[in-house]
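Protein chains in written order, with this note's numbering: chain A, 2 to 224; chain B, 2 to 224; chain C, 2 to 224; chain D, 2 to 224; chain E, 2 to 224; chain F, 2 to 224. Virtual Cβ for every residue (Gly too), placed ideally from N, Cα, C. A quick note: this is a predicted structure, and the numbers were derived from the prediction, not measured. Report on the structure given below.
There are 6 protein chains.
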Amino acid sequence: MSIVVQNIRRAERSDIDRLAAAGVATVHEAQGRRGMLASYMRPIYAGPAVAGSAVTISAPPGDNWMLHVAIEQVADGDMLVLAPTSPCDNGYFGDLLATSALARGCRGLVIDAGVRAVADLTQMGFPVWSKAISAQGTVKETLGSVNIPVVCAGALIEPGDVIVADADGVCVVRHAEVPDVVAAAERRIGAEDAKRRRLAAGELGLDIYAMRETLAAKGLRYV
Amino acid sequence: MSIVVQNIRRAERSDIDRLAAAGVATVHEAQGRRGMLASYMRPIYAGPAVAGSAVTISAPPGDNWMLHVAIEQVADGDMLVLAPTSPCDNGYFGDLLATSALARGCRGLVIDAGVRAVADLTQMGFPVWSKAISAQGTVKETLGSVNIPVVCAGALIEPGDVIVADADGVCVVRHAEVPDVVAAAERRIGAEDAKRRRLAAGELGLDIYAMRETLAAKGLRYV
Amino acid sequence: MSIVVQNIRRAERSDIDRLAAAGVATVHEAQGRRGMLASYMRPIYAGPAVAGSAVTISAPPGDNWMLHVAIEQVADGDMLVLAPTSPCDNGYFGDLLATSALARGCRGLVIDAGVRAVADLTQMGFPVWSKAISAQGTVKETLGSVNIPVVCAGALIEPGDVIVADADGVCVVRHAEVPDVVAAAERRIGAEDAKRRRLAAGELGLDIYAMRETLAAKGLRYV
Amino acid sequence: MSIVVQNIRRAERSDIDRLAAAGVATVHEAQGRRGMLASYMRPIYAGPAVAGSAVTISAPPGDNWMLHVAIEQVADGDMLVLAPTSPCDNGYFGDLLATSALARGCRGLVIDAGVRAVADLTQMGFPVWSKAISAQGTVKETLGSVNIPVVCAGALIEPGDVIVADADGVCVVRHAEVPDVVAAAERRIGAEDAKRRRLAAGELGLDIYAMRETLAAKGLRYV
Amino acid sequence: MSIVVQNIRRAERSDIDRLAAAGVATVHEAQGRRGMLASYMRPIYAGPAVAGSAVTISAPPGDNWMLHVAIEQVADGDMLVLAPTSPCDNGYFGDLLATSALARGCRGLVIDAGVRAVADLTQMGFPVWSKAISAQGTVKETLGSVNIPVVCAGALIEPGDVIVADADGVCVVRHAEVPDVVAAAERRIGAEDAKRRRLAAGELGLDIYAMRETLAAKGLRYV
Amino acid sequence: MSIVVQNIRRAERSDIDRLAAAGVATVHEAQGRRGMLASYMRPIYAGPAVAGSAVTISAPPGDNWMLHVAIEQVADGDMLVLAPTSPCDNGYFGDLLATSALARGCRGLVIDAGVRAVADLTQMGFPVWSKAISAQGTVKETLGSVNIPVVCAGALIEPGDVIVADADGVCVVRHAEVPDVVAAAERRIGAEDAKRRRLAAGELGLDIYAMRETLAAKGLRYV
């Protein structure tokens, strides 16, 4: 039952970087308001948006053995994604694993559990989005799997999907949809810039988006 | 059922600013330990205390239409206060709405739900106290109301009440009580300064507040 | 039932400082992965690791009277540890109490409840690990005890135990075990430095820890 | 600051009983989907719907003194409603207080905190909706108020408002709106009976409510 | 983006019924400890185990329109599975929808949100596993989808997967794995019966499973 | 580090049974409002109060191996108490383990984690107080300890302490204090019976406990 899938599809590096530049909120909107992980997934420090190809890990509660296995599967530009098989806030990951991950070009970690040594990780510039910060250690006794589909913080993530993460949280883009989402995200950014200028000048969204009539039709009354 | 109240009472600007200067903990004590919103309401970035007149919004879960309606009702110095009609952590508010709110002199947002684009909001200096940070988007389909009494994070807030918010959380002051609370808060600050000097010099609260006798009378034993 | 124990054992100051230098994750591992408080205990600001001897407080919900009593028992280098007798997120502690605690050489506070005036505490450099930040005030009506064993955030803490706290959370070391844990922590740091260099050079944990055979024996398959 | 309001408005007994007969879901719909308390408010045992006039209590965390004061204010047909001034799960209420409340004609308790002796309360047939069940006791040291407006489990409740509670939770009806809500609830019940028969016969809501066209217009596609 | 898939695969009725007879704990073990939904999914009343083919619904927060659409897709023996697109505890489903679902042979509902009219549902014998019980109503404004893959309470569920639910919670079995899981579950039941007899007679698991040596080898000491 | 302590103190059987007869709320009050486990510990079915000597288990998250070890240590009249070393809701215990425990005279289980097969446990009459119900299985890979002091749901429990559990939750009585607590509990029951009669006859607690003067002195005003 425990497997390591060694070859995964990856999106184009340039597309991945354009998703990072667009940021989580825009990417999420661009793909039809899908793909957000639960809002309890928070960055351990304030930093720029990152994106990478998901190397996924399914791990037992309180057991980080598969992280060691997964790091060998990391290619330059990847992100690690760990989902425990049941809720757990243990510190699965710290500065030693981050050192190893960085040496392989890993861009960050998304983990529906805990991490530790966050002062070190911050100093190293290794970004993490996690459910918890906890020094509670883990064992290395039970197998899990690497690069199988996982549900992480409420979202389905398949190996090679693109993970985008920033101060707003974490969003997943299906591998097959990456080019379309890149295009949609960049169109959206263009459209938003124009709106931003009008709003900054004092125009109201009610007028820019022509909402007044619909609101009245639905029955909104001003008193 | 869905209404927008266009004229609300507002407290004196100078009183509002004096409440901001006093800060949340002092204001809350000055009005008899009342008015705190739930402690899960946290600022999205560390910044100074702010205060403003509440423009209130009652909105359906996952629907931010009424925010567009509410911004038109914002006068210089106001704060937006949004309470969803049932628990929701969606990102109702981001950089575009903040641009529009700032253009009207809005001082910040208190929202018992989520916000997004928090990196942009931080850079713009638009303060928010929220239950969650989430990029999960919302729709514009269902009406709510603006400037009706709402329960936000466990506290009743009426339009025109003064909201004070800082690193300690969010406190509401009833419109009619503002002058009294300003006075009580400033008295309290004076009294605390004197105590702070004595405590810094090594005197004990046990002695400053003359607690030893009462403690003994209640039965405290030293062993 | 309400007592104040005036004389408690304390560990050697030099050992306490070496535990602070080792940090929470290392200390916790060095004592066999024991002693962590629950992961909801978070620092109110980012700062260095601290350690100190526990002066413990058992307090009723919403009543901070015993903090005043406890401060008299603080010796230079101690840490205050407060456990409410039932869950409570009130702000038991603020800048006045911190001023008094600092005047007695207190190194920080660990509280399974709330604190307030966190902007002031940050500016003063008084570190706190808490369950909540809340300005909601407390009364001074009901007795509790000082320097009795308490369960704080899921961990048993006895007076004079050493508290180590940093960005990873809070760990307790039994008074009698301090010298052994110091030694084990420092051995661990040495061992980790060597591993860190090898991992940074691109060696894999799979090889450094010789895991491949065990993984295969347990049935891990590469596909 | 601590007061007991002795005379409160009460709705007509017959209207109150008709609201109980309609039940929470219907009453809540009949008043425009307003008035529900948070869904964590659960009955301690399965029983029929009840309704009564609210006698409200604002009490400190861990202090049930005001319950004794409130019981004197209970008239036949009332319900007690307790909101702590900050979150607390202590057992404020047990079989002795229930005995006293029953002797005065009290119909039940709604409490945003804990209760105890639930086996006894069940046997006595005294219904309670609470946030928690806990034997953790309380003190009688600090004043609160009786019959002031309170926010209980996220809903504003004023003395004399009608509380309706059943297996679905708790709903509040404003005193002034009771007659209208009774009428609307009973109209709703009539309309639902007709629909229930059609649905039981196999007709689809899609057809009964004529939804197909709107769904198509919004873009729903069958594949 | 909003679609209704009209034809889904379904497992053999006899296999589905054998999974119901095996129950959740056994089925979950039989498929390698996979497939459990989060433990907060609880039955609204105590009843027998049920199983059925999943008709899945992805619905916006606070909007139950798609339930009406989904019921038309229900075939005899199916179970409805609803996942909101963001966390929501509203009461999406009550006695009218249950009447309609029952008329089509629906065996129950699994919903990562709230339901209402639970007294009626209990009396009708319509089983529900939900995150919440709440009478808070929903609107019919925004589209979702029917019979697409959803993540419900942390588990991926595809249309036509088999849902097994009982007092222990909810488990999903992939459509393609149903025959194998049925066989494995029934083997497991046979093996457990033998063990149960030995344990009831006083034999210890330590001996039946021959654990003593392994425990000693791992270092367990009896003192 | 992993040990099994084979000989533990136990209280007198007759005293244990008298504590069960007194029930949790009374026992907890009789020992000065101490000893309650967290209120999330709930019985899996409604049943009578039970009491027994604690056989304690410290177990890793997701690993129930030590339960098999612990059952050998159970003497007639004991209760099993399991505390995971970090938060976990897995189903550690089901009908097979219950069969084995019952064969040794075990009176029940208190577990700060999950159990499964709750329909079977209910039918067998094996009472459990747990944090969760979950069929999610566990492994048998990592050692823990039996009969060491544990913190379970926020309370310190030492082997041989008496556990009292009923519909109100779970309370622990220190081994050394059992005779005194028995006596105090029974005195309390006598006193309560008298009060119950007076309250049932319509006397008010305000008068029975002579509270009116104190309330007035503290400043309560009737308006």
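According to DSSP, is residue i helix, strand or coil?
i                : result
Leu110 (chain A) : strand
Lys196 (chain B) : helix
Lys132 (chain E) : strand
Met37 (chain F)  : strand
Pro44 (chain F)  : strand
Leu122 (chain C) : helix
Val163 (chain A) : strand
Met80 (chain B)  : strand
Gly170 (chain E) : strand
Ile190 (chain B) : helix
Ile4 (chain E)   : strand
Val116 (chain D) : strand
Excluding the 5 residues flanking residue i on each side, which residues of the same chain have their C-beta closer than 7 angstroms to its C-beta?
i                : result
Cys199 (chain D) : Note that residue 199 (chain D) is Arg in the sequence shown here, rather than Cys. Same-chain partners within the cutoff: Ile209.
Pro180 (chain B) : Asp16
Asn148 (chain F) : Val5, Val6, Ile9, Val56, Thr57, Gln74 and Pro160
Just to confirm, are residue i and residue j a CB contact at a threshold of 8 angstroms?
i                : j                : result
Ile72 (chain E)  : Gly206 (chain D) : yes
Gln74 (chain F)  : Val56 (chain F)  : yes
Pro44 (chain E)  : Pro62 (chain E)  : no
Glu193 (chain B) : Leu68 (chain C)  : no
Ala154 (chain A) : Ala21 (chain A)  : no
Tyr223 (chain A) : Val5 (chain B)   : yes
Arg108 (chain B) : Met80 (chain B)  : yes
Val182 (chain B) : Ala26 (chain B)  : no
Gly53 (chain E)  : Ile112 (chain E) : no
Asp77 (chain C)  : Gly106 (chain C) : yes
Met37 (chain A)  : Gly170 (chain A) : yes
Ala118 (chain C) : Asp90 (chain C)  : no
Glu142 (chain E) : Glu142 (chain B) : yes
Ala156 (chain B) : Val173 (chain B) : yes
Gln137 (chain E) : Ser87 (chain B)  : yes
Ala102 (chain B) : Ala201 (chain A) : no
Hey, does residue i have any beta-carbon neighbour from chain I nearer than 8 angstroms?
i               : result
Gly48 (chain A) : Judged by its chain identifiers, the structure shown contains no chain I, and its protein chains are A, B, C, D, E and F.
Looking only at its chain, what residues have a beta carbon closer than 6 angstroms to the beta carbon of residue i, apart from the 5 residues adjacent to it on each side?
i                : result
Leu144 (chain F) : Ser3
Val151 (chain A) : Thr57, Ser59, Ala84 and Ile158
Trp130 (chain D) : Met42, Pro44, Val111, Ala166 and Val171
At what residues does the alpha helix (DSSP H) containing residue i begin and finish?
i                : result
Ala21 (chain D)  : Arg14 to Ala23
Thr215 (chain E) : Arg213 to Lys219
Met67 (chain C)  : Trp66 to Ile72
Compare the Cα-Cα distances from residue i to each of the options and report the closest residue.
i                : options                                  : result
Lys132 (chain D) : D:Asp77, D:Val116, D:Ser15 and D:Val183  : D:Val116
Ala120 (chain F) : F:Ile58, F:His29, F:Ser135 and F:Val151  : F:Ser135
Glu187 (chain A) : A:Lys219, A:Ser101, A:Leu110 and A:His29 : A:His29
Gly48 (chain D)  : D:Trp66, D:Arg10 and D:Thr123            : D:Thr123
Ile9 (chain E)   : E:Lys196, E:Pro180 and E:His176          : E:His176
Ala23 (chain D)  : D:Val174, D:Ile190 and D:Phe127          : D:Ile190
On the DSSP letters alone, give me the boundaries of the beta strand (DSSP E) that residue i sits inside.
i                : result
Asp96 (chain B)  : It is not in any beta strand (DSSP E) - Asp96 (chain B) instead sits in the alpha helix (DSSP H) that spans Asp96 to Ala104.
Ala1 (chain B)   : Only positions 2 to 224 of chain B appear in the structure, and residue 1 (chain B) is not among them; the question remains open.
Ala60 (chain B)  : Val51 to Ala60
Leu205 (chain C) : No beta strand (DSSP E) holds Leu205 (chain C); DSSP gives it neither H nor E.
Val151 (chain A) : Val151 to Cys153
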